[in-house]
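Asker:
2 protein chains.
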Amino acid sequence: MTQPETHVHADPLRRWTEQILLAKGTPARDAERTTEVMIKADLRGVDTHGVFVCVQPYLDRIDQVRPDLQEINLEPNLQILKDQGAALLLDGDWGFGQVAAWEAMELAIERARSHGIGMVSVTRSTHLGMCAYYPLMAVDQDMIGITMTNTTPAAVPSFGRKARLGTNPMSLAAPAGKHPPFELDMATTVVSGGKVYLSHLAGKKMPEGWMVDEKGDPLTDATVGLQSGSHLPLGGAGLLHGGHKGYGLGLVVEILCGVLAGGNIGPRIVAGENYHWVAAIDVSAFQPAARFKAMMDDLIDTLHRTPTVAGHDRVLIPGELEHRTYEHRIRHGIPVSPAVLPWIEETSRKFGIDPPL
Amino acid sequence: MTQPETHVHADPLRRWTEQILLAKGTPARDAERTTEVMIKADLRGVDTHGVFVCVQPYLDRIDQVRPDLQEINLEPNLQILKDQGAALLLDGDWGFGQVAAWEAMELAIERARSHGIGMVSVTRSTHLGMCAYYPLMAVDQDMIGITMTNTTPAAVPSFGRKARLGTNPMSLAAPAGKHPPFELDMATTVVSGGKVYLSHLAGKKMPEGWMVDEKGDPLTDATVGLQSGSHLPLGGAGLLHGGHKGYGLGLVVEILCGVLAGGNIGPRIVAGENYHWVAAIDVSAFQPAARFKAMMDDLIDTLHRTPTVAGHDRVLIPGELEHRTYEHRIRHGIPVSPAVLPWIEETSRKFGIDPPL
Chain A
514 MTQPETHVHA
524 DPLRRWTEQI
534 LLAKGTPARD
544 AERTTEVMIK
554 ADLRGVDTHG
564 VFVCVQPYLD
574 RIDQVRPDLQ
584 EINLEPNLQI
594 LKDQGAALLL
604 DGDWGFGQVA
614 AWEAMELAIE
624 RARSHGIGMV
634 SVTRSTHLGM
644 CAYYPLMAVD
654 QDMIGITMTN
664 TTPAAVPSFG
674 RKARLGTNPM
684 SLAAPAGKHP
694 PFELDMATTV
704 VSGGKVYLSH
714 LAGKKMPEGW
724 MVDEKGDPLT
734 DATVGLQSGS
744 HLPLGGAGLL
754 HGGHKGYGLG
764 LVVEILCGVL
774 AGGNIGPRIV
784 AGENYHWVAA
794 IDVSAFQPAA
804 RFKAMMDDLI
814 DTLHRTPTVA
824 GHDRVLIPGE
834 LEHRTYEHRI
844 RHGIPVSPAV
854 LPWIEETSRK
864 FGIDPPL
Chain B
514 MTQPETHVHA
524 DPLRRWTEQI
534 LLAKGTPARD
544 AERTTEVMIK
554 ADLRGVDTHG
564 VFVCVQPYLD
574 RIDQVRPDLQ
584 EINLEPNLQI
594 LKDQGAALLL
604 DGDWGFGQVA
614 AWEAMELAIE
624 RARSHGIGMV
634 SVTRSTHLGM
644 CAYYPLMAVD
654 QDMIGITMTN
664 TTPAAVPSFG
674 RKARLGTNPM
684 SLAAPAGKHP
694 PFELDMATTV
704 VSGGKVYLSH
714 LAGKKMPEGW
724 MVDEKGDPLT
734 DATVGLQSGS
744 HLPLGGAGLL
754 HGGHKGYGLG
764 LVVEILCGVL
774 AGGNIGPRIV
784 AGENYHWVAA
794 IDVSAFQPAA
804 RFKAMMDDLI
814 DTLHRTPTVA
824 GHDRVLIPGE
834 LEHRTYEHRI
844 RHGIPVSPAV
854 LPWIEETSRK
864 FGIDPPL
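Here the protein sequences line up with chains A and B, keeping their order.
Sequential numbering from 514 applies to the first sequence in the working numbering.
Sequential numbering from 514 applies to the second sequence in the working numbering.
#1: Using a Cβ-Cβ cutoff of 9 Å, what residues of the region 804 to 821 of chain B are near chain A? List them in chain order.
#2: Is the beta carbon of proline 694(A) less than 8 Å from the beta carbon of alanine 700(A)?
#3: With DSSP collapsed to three states, give me the class of leucine 526(A).
#4: Within its chain, find whatever has a CB closer than 8 Å to the CB of lysine 691(A); leave out the 5 residues flanking it on each side and keep chain order.
#5: According to the Cβ coordinates, are serine 634(A) and leucine 678(A) closer than 8 Å?
#6: Cutting at 6 Å between CB atoms, please list the residues of its own chain near leucine 714(A), excluding the five before and the five after it.
#7: Mark threonine 515(B) as exposed unless 16 or more other C-beta atoms lie within 10 angstroms of its C-beta, in which case mark it buried.
#8: List the endpoints of the continuous alpha helix (DSSP H) containing lysine 553(B).
#9: Within the chosen definition, does the region 726 to 738 of chain A reach the region 662 to 674 of chain B through at least 3 CB pairs nearer than 8 Å?
#10: Starting from the Cα of alanine 689(B), find the closest Cα among Val796(B), Glu584(B), Thr636(B), Gln583(B) and give me that residue.
#11: So, serine 684(B) versus proline 648(B), is the Cβ gap smaller than 8 Å?
#12: Check whether chain A comes within 8 Å of methionine 643(B), counting only Cβ atoms and requiring the distance to be less than that.
#13: Taking three-plus beta-carbon pairs below 8 Å as touching, is the region 553 to 565 of chain A in contact with the region 520 to 537 of chain A?
#14: How about proline 570(B): is its C-beta nearer than 8 Å to some C-beta of chain A?
#15: Name the one or two DSSP bridge partners that aspartate 826(B) has.
#16: Any beta carbon from chain A within less than 8 Å of histidine 825(B)'s own beta carbon?
#17: Cα-Cα, which of Ala614(B), Arg579(B), Ile657(B) is closest to leucine 591(B)?
#18: Alpha carbon to alpha carbon, how far is alanine 523(B) from isoleucine 659(B)?
#19: Proline 746(B) and leucine 816(A): beta carbons closer than 8 Å?
#20: Using three-state DSSP, classify methionine 514(A) as helix, strand or coil.
#21: Using only the alpha-carbon positions, how far apart do leucine 549(B) and proline 720(A) sit?
#22: Taking just the CA atoms, how far does glutamate 623(A) sit from serine 638(B)?
#23: Specify, as a first and last residue, the run of the beta strand (DSSP E) that glutamine 592(B) falls within.
#24: With a 10 Å radius around its C-beta and 16 neighbouring C-beta atoms as the bar for buried, classify threonine 736(B) as buried or exposed.
#25: If we define contact as Cβ-Cβ less than 8 Å, is methionine 514(B) a contact residue for chain A?
#26: Just to confirm, are leucine 812(A) and isoleucine 778(B) a CB contact at a threshold of 8 Å?
#27: What are the residues of the region 580 to 592 of chain A that lie near chain B, defined by any Cβ-Cβ distance shorter than 9 Å?
#28: With DSSP collapsed to three states, give me the class of tryptophan 607(B).
#29: For proline 820(B) and arginine 674(A), which I take to be in contact (beta-carbon distance under 8 Å), what is that distance rounded to the nearest angstrom?
#30: Where does proline 868(B) sit, in a helix, a strand or coil, going by DSSP?
#31: Enumerate in chain order the residues of its own chain whose CB-to-CB distance from glutamate 727(A) is below 7 Å, with the five nearest sequence positions on each side excluded.
#32: Rounded to whole angstroms, what's the CA-CA distance from valine 849(B) to aspartate 555(B)? Just pull it up for me.
#33: Using a Cβ-Cβ cutoff of 8 Å, what residues of the region 659 to 677 of chain B are near chain E? List them in chain order.
#34: With the cut-off set at 8 Å, would you say histidine 789(B) and alanine 544(B) are in Cβ contact?
#35: Compute the distance between the beta-carbons of isoleucine 630(B) and alanine 599(A), then report whether it is under 8 Å.
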């Protein structure tokens, strides 16, 4: 970047985003929750799921600018369709995915408290933002949290050359004691769509092994990749390095999300249509939470002490970098790319609100 | 192989194996279950978890031939230590892992029937054999089944050069209608230990990207790999192709198995010491089982129809090859490598029983 980077603090950005969602007609609590998930993504450095990347597509879906996109219903009627005590089916009624997934995790936590585990299958929902948000809600209650969501077809199955499954992310978080929580949030493809987008923005070639073209051949041009490329499953092409495992994990997400909810299967879902799977496990159903956390600390310490390969100081724990970014950005603000400044200006003007910076 | 291959049918091999376990003092039901898990592995082509690979190590552990191995307790007192309805903690009392995991899955299925989901954390257990066995028990009841187990340190964390986590397998199976069930059973490393062992037996070099040496450099000699190599996590070394995701998945298994059970963390467990995590989800808590299976069939059909890359006829579904092998071996028998014939002879003589072939 040649221009000096601008920063915005979380609070003004939160107020700004909420005002936009409220102006569109989102109920207050839903606007608050949807915004919070985006702000936490921005604070944790998951910029692909933050305000500057997500708000405009959400507005487009509310306004139905394209008929092939699933519309976002601003006043969804969230309903529990099935309830077996520890397992529930929740209808998201095409509202913000954040609203449905938040409600689902609250239900999962409540049921885990009485049954040890709670899980919620969410049908008829939309983009839920940063997957890790919801497991971290469970961590705040001394629970292990899990969230998965299927997404629009973007990845080839092993030996295939047409996209059939989404990047289908899964996230699991677990509380630690003195250390930040363990927090894994991963696409089941080699990279997420966000990584391809960042390569495209930077005008950089992608390494071989991220995407393939329509013949199944390696594709390294990120701009072409965005338009017509397909992701490879984690483990890459073929079987040699375990690509069938990444493909299998993508299918696990598909089965637990789309099929279990009785919703729609991955190869057929349209942009903006999503199904989720959310679970919470109360660690105190197994042992005192303090003991669990002490074991987590021990595990993390042992990993930190692992001798490293040349060029690396320390083995990291999933979620550690995001936690560090969060601590930094809470204090110093969220970086704003000069490229989005005109959009911020224009959007502020359109809604008649003050820009956040 | 230069000699013609011998085959043995499942029934005589089952009787032979059971007789050995009974002769050692295993209670009848436990001998039956432990044998059944091995026979099913042999039938499905998961030879690394079959009779010819597993029985001798089990005998060694029963006889405590090495003090650094966790002994197998032939008369374990399986006890439910905690019970929250949908989530239980089961003490395996160092018996056969198959016995504990079987009991755990039966409990999970029973609880899923009343609560929609059931999960069991298993502490103080040993090798459970082929992970996929237990999820397939759930599939027989029109449920989704999941099983994970931690294992002895064998894999480096990303940026590390010492093994800290096991190959930590996870398995998930789900019922289909006209098609065989979906069944994923995978180490969270690029390959399982079995693949390295097979390369060693065949005298073949491993491809780069499976293992590293003590400096973290690529290792392709399978014999050296068996002695002192470390596995790379699924996604390989570093971050470029998602190695941190495989490492993260290995940690998920570690947390759900070792830590949740309050057992022992992966970097510290000794050979033969294992902790498991088992779950069942009743699909009828969400929709009629027939509808779930019809959606699974639709998903599978759609994947089968995916255009393929050159050199491949069809996209496969996880578990499809194993199912095909099962159908073949049930009819034509399980292949027996000439290399194990002397061991079969000697073991038969030692126990005073007829060889199975």
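Virtual Cβ for every residue (Gly too), placed ideally from N, Cα, C.
Answerer: Short version:
#1: Arg804, Phe805, Met808, Met809, Asp811, Leu812, Thr815, Leu816, Thr819, Pro820, Thr821
#2: Not closer than 8 Å, so no.
#3: Of the three classes helix, strand and coil, the one that applies to leucine 526(A) here is helix, per DSSP.
#4: Asp810
#5: no
#6: none
#7: Because the pLDDT of threonine 515(B) is 49, which lies under 50, any placement of that residue in the model is unreliable, and the number read from its coordinates should be weighed accordingly. When all chains shown are included, threonine 515(B) counts as exposed.
#8: 541 to 557
#9: Contact between the region 726 to 738 of chain A and the region 662 to 674 of chain B is absent: fewer than 3 CB-CB pairs across the two stretches fall below 8 Å.
#10: Val796(B)
#11: yes
#12: no
#13: yes
#14: no
#15: Partner(s): none; aspartate 826(B) has no beta bridge.
#16: yes
#17: Ala614(B)
#18: 26 Å
#19: no
#20: Any reading at methionine 514(A) must be qualified, since the residue scores a pLDDT of 42, below 50, and its modelled position is unreliable; no value is offered.
#21: In the sequence as presented, leucine is not what sits at residue 549(B); that position holds glutamate. If I take the Cα positions, the gap works out to 46 Å.
#22: 31 Å
#23: 592 to 596
#24: exposed
#25: Interpretation of methionine 514(B) is limited by its pLDDT of 42, a score under 50 that renders its predicted location unreliable; no figure is taken from the coordinates.
#26: A contact, by the Cβ cut-off of 8 Å.
#27: none
#28: Looking at tryptophan 607(B) - three-state DSSP - the assignment turns out to be coil, as it is neither helix nor strand.
#29: Yes, proline 820(B) and arginine 674(A) are in contact; Cβ-Cβ is about 5 Å, under 8 Å.
#30: coil
#31: Arg674, Ser741
#32: 10 Å
#33: The displayed structure is made up of protein chains A and B, and chain E is not among them.
#34: Against a cut-off of 8 Å, the Cβ pair of alanine 544(B) and histidine 789(B) comes out as no contact.
#35: In this structure, alanine 599(A) lies closer than 8 Å to isoleucine 630(B) by Cβ.
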